[in-house]
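FYI, in my numbering the residues of the sequence shown are 424 to 753.
We treat Cβ as the ideally placed atom computed from N, Cα and C, and that holds for glycine.
Everything below concerns the one structure shown next.
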Amino acid sequence: MNILELYSGIGGMHLAFEQSGVAGKVNASIEINNIANQIYRLNFPETNLINTNIEGLTSDYIKKLNIDTILMSPPCQPFTRNGLQNDIKDARTASFFRILKLLPDLDVKYLLIENVKGFENSEMRNILIDVLIENDYKYQEFIISPHQIGVPNSRHRYYCLAKKTDFSFETTCLMETFPNIHEHIDCYKIENIIEQNVDFKKYYLSDQILTKYWSVLDICYKNSTRSCCFTKSYGRFVHGTGSVFTEKSEEVILKLVKELNSSNLEEHEKLGLLKSLGLRFFTPREICRLMCFPENFIFPDYVRDRKKYMVLGNSINVKVVAELIKILNG
Ligand SMILES: C[S@@+](CC[C@H](N)C(=O)[O-])C[C@H]1O[C@@H](n2cnc3c(N)ncnc32)[C@H](O)[C@@H]1O
């Protein structure tokens, strides 16, 4: 595969391609966000990373990049379930339209498109599928999550694989399982991704968060074999943005929560109890691990945790996409 990675962000697709073991190279990547590009450059210094707006691309320009594969995660805000869902009326779909317009002129054999769950019901999805059919692609759509391949993290995402040749399996309507995995896989425990000697002061939940949101927190323990999806707002908001972690056991926490629910505690006593839960955010490295990034993936020193959470929340699960690239190539 000679790859063009569009909307490359911090390079999740690039990592997935490396992890897939498929022969080839990322010939070029395109992304407009400066911080994402600095992180990408640090990790892939050899790659031709182009800082430009995809809306302005031409087929001549892409042809010169010598590619036969496009991997891409277009912006998801137009389709996010708790967003406005303006779909094709959202200006952020303009670059996606641009690629679809150029596609007939390009000699692209393989395509992988990732987006949020919900994209499958969008008008944009119907337009994508029409373009694929008009240009003689075979395609298969999926809604899948890393927990289905043994990773203790839920991240249901829409994927569409398209190629000019037949798939090695019967293509069908939207698949909700991996076609190459037939038995149930147990997820490993969260303790496997926990960093040692984490600076609790840096990652603890503030008094304000504890008091206001303790009842909606999704808590993970060392023994947990699950966690919820980490979004780009992790670390800034707690409700629905990702799980939090405690070294304490589930029994201890449940006992304390029962106490919190039942007793008529003064505010300061309640806060004392909440603090004793020992809750903290997962560190960026731990989230990297849950998203199956390799250990040698690094951030520039000056990038703060909030930014790391943001770019990771925008990225992809590397193992899931690696499996999909193998299927695409198969
Ligand atoms: C869902 S994220 C993709 C993340 C990426 N797959 C990763 O692993 O980090 C979408 C990315 O597209 C970029 N983007 C959005 N519109 C763009 C455009 N018109 N041209 C270039 N990049 C764009 C955003 O800055 C963002 O980083």
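Terminal residues of the alpha helix (DSSP H) in which residue i lies
{"i": "Lys645", "result": "Run containing Lys645: none; DSSP gives neither H nor E here."}
{"i": "Phe704", "result": "No alpha helix (DSSP H) contains Phe704, which is instead part of the beta strand (DSSP E) from 702-704."}
{"i": "Ala745", "result": "741-752"}
{"i": "Arg712", "result": "707-713"}
{"i": "Met547", "result": "546-557"}
{"i": "Ala451", "result": "That residue, Ala451, is in no alpha helix (DSSP H); its beta strand (DSSP E) goes 448-453."}
Proximity below 8 Å, CB of residue i to CB of residue j
{"i": "Asn476", "j": "Ala451", "result": "no"}
{"i": "Ile485", "j": "Val449", "result": "no"}
{"i": "Tyr732", "j": "Gly663", "result": "no"}
{"i": "Phe705", "j": "Ser666", "result": "yes"}
{"i": "Glu599", "j": "Ile556", "result": "no"}
{"i": "Glu754", "j": "Ile511", "result": "No information on residue 754 is available, as it lies outside the stretch 424 to 753 that the chain covers here."}
{"i": "Ser482", "j": "Asp528", "result": "yes"}
{"i": "Ile750", "j": "Pro569", "result": "no"}
Enclosing beta strand (DSSP E) for residue i [first to last residue]
{"i": "Tyr430", "result": "Element bounds for Tyr430: n/a, residue is neither H nor E."}
{"i": "Asn538", "result": "533-539"}
{"i": "Val667", "result": "667-669"}
{"i": "Gln563", "result": "561-567"}
{"i": "Phe639", "result": "The sequence given here has Val at residue 639, not Phe. Premise fails: Val639 is in no beta strand (DSSP E) and is neither H nor E."}
{"i": "Tyr581", "result": "580-586"}
{"i": "Leu494", "result": "492-495"}
Residue i versus residue j: straight-line alpha-carbon distance, rounded
{"i": "Glu682", "j": "Arg649", "result": "25 Å"}
{"i": "Phe716", "j": "Leu694", "result": "36 Å"}
{"i": "Ser686", "j": "Ile676", "result": "15 Å"}
{"i": "His605", "j": "Thr594", "result": "16 Å"}
{"i": "Val726", "j": "Cys711", "result": "15 Å"}
{"i": "Ile632", "j": "Leu534", "result": "42 Å"}
{"i": "Ile617", "j": "Leu488", "result": "41 Å"}
{"i": "Pro498", "j": "Asp513", "result": "10 Å"}
{"i": "Tyr626", "j": "Glu454", "result": "30 Å"}
{"i": "Leu551", "j": "Val574", "result": "30 Å"}
{"i": "Phe722", "j": "Leu526", "result": "34 Å"}
{"i": "Leu688", "j": "Leu696", "result": "10 Å"}
{"i": "Tyr463", "j": "Gly432", "result": "7 Å"}
{"i": "Leu713", "j": "Ile572", "result": "12 Å"}
{"i": "Arg708", "j": "Ser638", "result": "26 Å"}
{"i": "Tyr644", "j": "Phe440", "result": "32 Å"}
{"i": "Gln508", "j": "Asp553", "result": "21 Å"}
{"i": "Leu429", "j": "Tyr582", "result": "15 Å"}
{"i": "Arg460", "j": "Asp728", "result": "According to the sequence shown, residue 460 is Asn rather than Arg. So the two alpha carbons sit approximately 16 Å from each other."}
Cutoff 8 Å: residue i Cβ touching any chain D Cβ
{"i": "Leu488", "result": "Among the chains of the structure shown, chain D does not appear; only one protein chain is present."}
Check your understanding: How do the segment 583-598 and the segment 552-569 stand: do at least 3 beta-carbon pairs fall below 8 Å, yes or no?
Key -> yes
Exercise for review: Report yes or no: do three or more beta-carbon pairs, one from the segment 436-451 and one from the segment 734-751, lie closer than 8 Å?
Suggested key: yes
Check your understanding: Is it a yes or a no for the segment 605-619 touching the segment 643-659, going by three-plus beta-carbon pairs under 8 Å?
Key -> yes
**Study point:** the segment 487-496 touching the segment 454-469, judged by at least three CB pairs closer than 8 Å
**Key:** no
Check your understanding: Quick one: any contact between the segment 533-541 and the segment 692-706, if contact means 3 or more CB pairs under 8 Å?
Key -> No, the segment 533-541 is not in contact with the segment 692-706.
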